[in-house]
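Participant: Keeping their order, the protein sequence lines are chains A and B.
Sequential numbering from 44 applies to the first sequence in the numbering used here.
Sequential numbering from -16 applies to the second sequence in the numbering used here.
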Amino acid sequence: GQQVMQIPQYQHVQEGEDFTTYCNSSTTLSNIQWYKQRPGGHPVFLIQLVKSGEVKKQKRLTFQFGEAKKNSSLHITATQTTDVGTYFCAGALSGGSYIPTFGRGTSLIVHP
Amino acid sequence: DAGVIQSPRHEVTEMGQEVTLRCKPISGHNSLFWYRQTMMRGLELLIYFNNNVPIDDSGMPEDRFSAKMPNASFSTLKIQPSEPRDSAVYFCASSAEWHLETQYFGPGTRLLVL
């Protein structure tokens, strides 16, 4: 089945450092969504990217969709303790069921 | 809007018992998804419904699991009989349409099977 690979699995940073998580698919995606799950919470939608090469920003968060629509990244500038959580990408297969497949997530730990 | 509602929030049961998880999607949403989350396997899609009809249940682990959606505002996920390896967090999510749409997750049911 469709695989959406996400790396790294964990990332420890000092508060103020930057953070990036990467999402890769072996097949072309129709779109990619990003979700955040706080410890003990549930996934919450952050953003959706649809166009090849698309870049979107939300304050300190920058989301990018690759030109080939097979990869995506989330970059956080100057992390804060409120950024702690697990970040998931979810990609929908182009020409397939269009139901997003979730990556395993990257858990971000921010040390004050 | 109250968001997606799940009950119970926590469930502790003994192996062999029947477990029923409940979900009320956001009003007006046409699609409903059931997920299971564990440390080992991450977030797995079990089944999803569109307009109350099951579309894909290929993620359901085995015959012990069943899901129903008798109407647009209610769905259940049943495990009978339950086993310790079923211990996980079960999320229900809904979306306006079944594809290419944002999914809104409920708070989850934390299931522990002893």
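Don't be surprised by glycine CBs; every beta carbon is placed ideally from N, CA and C.
From a predicted model like this one, the values you see are computed outputs, not experimental measurements.
Please state if the CB of A/V153 and the CB of A/D126 are separated by a distance shorter than 8 Å.
Facilitator: Against a cut-off of 8 Å, the Cβ pair of A/V153 and A/D126 comes out as a contact.
Participant: Which residues, in chain order, does the region 25 to 44 of chain B contribute to contact with chain A at a C-beta distance below 9 Å?
Facilitator: Cβ contacts with chain A: G25, L26, E27, L28, Y31, I38, D39, S41.
Participant: Output the distance between the C-alpha atoms of B/F48 and A/Y141, rounded to the nearest integer angstrom.
Facilitator: Near 24 Å, if we compare the C-alpha coordinates of A/Y141 and B/F48.
Participant: Taking only three categories from DSSP, how would you classify B/P67?
Facilitator: If DSSP states are grouped into helix, strand and coil, B/P67 belongs with the helices.
Participant: Who are the Cβ neighbours of B/M43 in its own chain at under 6 Å, not counting the five residues just before and after it?
Facilitator: Correct list, in chain order: L29, I30.
Participant: Using the beta-carbon of each residue, which ones in chain A are nearer than 7 Å to B/A(-9)?
Facilitator: Residue -9 of chain B is actually Pro in this sequence, not Ala. Under the 7 Å cutoff, chain A gives no residues; its nearest Cβ is about 15 Å from B/P(-9).
Participant: Quick one: which residues of the region 45 to 70 of chain B get their C-beta closer than 8 Å to a C-beta of chain A? List them in chain order.
Facilitator: Taking 8 Å as the Cβ-Cβ cut-off against chain A, none of the residues of the region 45 to 70 of chain B qualify.
Participant: Report all residues from its chain with a CB closer than 7 Å to the CB of B/N35; omit the five preceding and five following residues, and keep chain order.
Facilitator: So the list reads M52, N54, A55, once near-sequence residues are dropped.
Participant: Is there a Cβ from chain B that is less than 8 Å from the Cβ of A/R103?
Facilitator: By this cut-off, A/R103 is not an interface position.
Participant: Starting from B/H12, follow the beta strand (DSSP E) in both directions and report where the run begins and ends.
Facilitator: Neither: B/H12 is in no beta strand (DSSP E) and is coded neither H nor E.
Participant: B/T(-4) to A/P82, Cα distance in whole Å?
Facilitator: Roughly 24 Å separates the two Cα atoms.
Participant: Using the Cα positions of A/L136 and B/P(-9), report the straight-line distance between them to the nearest angstrom.
Facilitator: Approximately 33 Å between the Cα atoms of the pair.
Participant: Could you please give me the residues that DSSP links to A/N67 through a beta bridge?
Facilitator: Paired residue(s): A/M48, A/N114.
Participant: Confirm, please, whether the CB-CB distance from A/R103 to A/T124 is below 8 Å.
Facilitator: No.
Participant: As a quick exercise: from B/R5, B/M(-2), B/V96, B/P37, pick the residue whose alpha carbon is nearest that of B/F74.
Facilitator: Of the listed residues, the one whose Cα sits closest to B/F74 is B/R5.
Participant: So with Cβ pairs under 8 Å, would you call B/Q86 a contact of chain A?
Facilitator: Yes, contact with chain A.
Participant: Is it the case that the Cβ atoms of A/E58 and A/T105 are separated by a distance below 8 Å?
Facilitator: Not a contact, by the Cβ cut-off of 8 Å.
Participant: Quick one: list the residues of chain A neighbouring B/P90, beta-carbon separation under 9 Å, in chain order.
Facilitator: Chain A residues near B/P90: G84, H85.
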